[in-house]
Structure formats: structure tokens, C-alpha cells
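K.L.:
Just dropping this structure here.
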Amino acid sequence: MQETPYFPLFINLEGKKIVVFGAGKIALRRVRTLQFFHTEITVITREIPADLLEAWEMLCHNGNLQIRKKAFEEEDLAENWFFVLAATGDSEVNEQIARLCKRRNVPVNNASNASMCDFYFPAIASSEEVVVGITGNGKNHRDVAEKAAMIRKCLEKADEKNNQDRQQRE
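Under this note's numbering, the sequence shown is numbered contiguously, ending at residue 162.
Here it is as C-alpha cells:
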């Protein structure tokens, strides 16, 4: 049986409250992307991996991000989150977070189990006036990353051409 495809939905996230559980590489990559869209991000994590500490500190300087160093508790979901990202590195904790979010009707992305996701987190390719979100079926992340890189190159070339055309008209 073929999986039902996910609908690509582009929404305004400006000022929306989002919580990310975990501070590993996946969480870091997703927070970097979300900051571009002017969200209010809270990261809840037991610890920040030493090799990622500097990257997290840089993201904190960008603003709109707070980090709470603590273990996950159900009360952490009591706030009015627009959506939740569970990327703790512990699949059992991620599943617990996902189950609790579903009970509360809060959209959740479980980084360790695509079948427990209400939405997939896309790879983003953007240019001056275009944002493209790319996602697969949650199984082949490398293929999605490669296609996103190809689209980014196309957008860069299009921007260069647009800038050249604009300069010629001036």
C-alpha cells in the first residue's frame, strides 16, 4: 500500500512559539532554519554536546532563542506551542513527547520515527524572493539533501542572472 503523501504547506511562522527537545545535530540544524523565519524558539535539553556548544552560543546571539537545561517533563508541553520538534537523541523520550503532543492536538515532528510525525521538517532552499521546501517520505534524508543542494545552486544562478539583468537596465 502506498503511503499518503504529505501536503507542502507554507505558513507564516513569525512570532510563533516553537519548542525543540534536544540539542544534538538534528536539533541544531532545525533551529538554524527556524530562526530565519522569525520564530520564538525554546530548546529544552539535558545538556548541550561539547562539540556543538559554540554553534548553540552563536544561535543564542541571533536572538529569539532561549535554552532551558533540564530533562523533559510533561509540564513542558503545557505552554501554547505552535508545534513541537522531538529530537532528543533518545527514541523513547521522543515517542513519549509525540504521544503527549497528539493527545493535546499539538503538531509534532519526531526526529527518530517518521511514522509518529504530523509533519516533516523540510530541507530549505531560498533566494532573494523564493523559498523552496523539499521533503521526502522520511526515509532517504541523503537524497533530499542532495536535491536541496541542486535547487540551491539553481536559485543562486537565477539570482545572479536577475542581478545582471537589473544592472543592465540601470
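Glycine residues also receive a C-beta, built at the ideal position from the N, C-alpha and C atoms. In this text, all values refer to a predicted model and were calculated from it rather than measured experimentally.
Let's test the definition: count the other Cβ atoms within 10 Å of the Cβ of Val122 and tell me whether it reaches 16, buried, or not, exposed.
P.N.:
Along the sequence shown, read from residue 1 onward, the residue named residue 122 stands at position 130. Exposed: under 16 other Cβ atoms inside 10 Å.
K.L.:
Should Leu44 be listed as close to the ligand MN, given that the test is whether its C-beta is under 7 Å from any heavy atom?
P.N.:
Inclusion of the ligand MN in the displayed structure is not the case, the ligand content being empty and no account of it being possible.
K.L.:
May I ask which residues mark the beginning and end of the alpha helix (DSSP H) holding Ala115?
P.N.:
As a working mapping, residue 115 is identified with position 123 in the sequence shown. It is not in any alpha helix (DSSP H) - Ala115 instead sits in the beta strand (DSSP E) that spans Ala115 to Ser118.
K.L.:
DSSP three-state label for Met(-7), please.
P.N.:
Residue numbering aside, residue -7 sits at position 1 when the sequence shown is read from its first letter. Confidence at Met(-7) is low in this model, with a pLDDT of 43, below 50, so the placement of that residue should be treated as unreliable; the coordinate-derived value is given next. Three-state DSSP puts Met(-7) in coil, outside helix and strand.
K.L.:
Quick one: is Cys146 buried, meaning 16 or more other Cβ sit within 10 Å of its Cβ, or exposed?
P.N.:
Here residue 146 refers to the residue found at position 154 of the sequence shown. Exposed, because fewer than 16 other Cβ atoms sit within 10 Å of the Cβ of Cys146.
K.L.:
In angstroms with no decimal places, state the Cα-to-Cα distance between Asp157 and Val35.
P.N.:
As a working mapping, residue 157 is identified with position 165 in the sequence shown. As a working mapping, residue 35 is identified with position 43 in the sequence shown. The straight-line gap from Cα to Cα measures roughly 43 Å.
K.L.:
Glu162 to Glu120, Cα distance in whole Å?
P.N.:
The residue given as residue 162 occupies position 170 in the sequence shown. The residue given as residue 120 occupies position 128 in the sequence shown. Looking at the two C-alpha atoms, the distance is approximately 19 Å.
K.L.:
Apart from the five residues on each side of it in sequence, which residues of its chain come closer than 6 Å, Cβ to Cβ, to Ala19?
P.N.:
To locate residue 19, count along the sequence shown from 1; it is residue 27. For Ala19, where only same-chain residues beyond five positions count, the Cβ hits under 6 Å are Val12 and Ala79.
K.L.:
Could you check if Phe28 is buried or exposed, using at least 16 other CB atoms within 10 Å of its CB as the buried criterion?
P.N.:
Here residue 28 refers to the residue found at position 36 of the sequence shown. Exposed is the call here.
K.L.:
State the Cα-Cα distance for the pair Ile10 and His133, rounded to the nearest angstrom.
P.N.:
One-based indexing of the sequence shown puts residue 10 at position 18. One-based indexing of the sequence shown puts residue 133 at position 141. Each residue's Cα considered, the two are about 23 Å apart.
K.L.:
Within the same chain, show all residues whose beta-carbon is closer than 6 Å to that of Ile143, passing over the 5 residues directly before and after it, in chain order.
P.N.:
Position 151 of the sequence shown holds residue 143. If we look at Ile143 and ignore the five residues flanking it on each side, its Cβ neighbours are Ala117 and Val124.
K.L.:
At 4 residues or longer, what runs of the alpha helix (DSSP H) sit wholly inside the segment 12 to 90?
P.N.:
Here the runs fully enclosed are 17 to 27 and 45 to 53.
K.L.:
Would you decide whether Arg22 is buried or exposed? Buried here means 16 or more other CB atoms lie within 10 Å of its CB.
P.N.:
Here residue 22 is taken as the residue at index 30 of the sequence shown, counted from 1. The residue in question, Arg22, is buried, as its Cβ has 16 or more Cβ neighbours within 10 Å.
K.L.:
Identify which residue in His53, Glu87 and Ala150 has its Cα closest to the Cα of Trp64.
P.N.:
Here residue 64 is taken as the residue at index 72 of the sequence shown, counted from 1. Reading the sequence as shown, one finds Phe at residue 64 and not Trp. It is Glu87 whose Cα lies nearest to the Cα of Phe64.
K.L.:
When you compare only the Cα positions, how much space is there between Lys8 and Gln58?
P.N.:
To locate residue 8, count along the sequence shown from 1; it is residue 16. To locate residue 58, count along the sequence shown from 1; it is residue 66. Whole-angstrom Cα-Cα distance: 14 Å.
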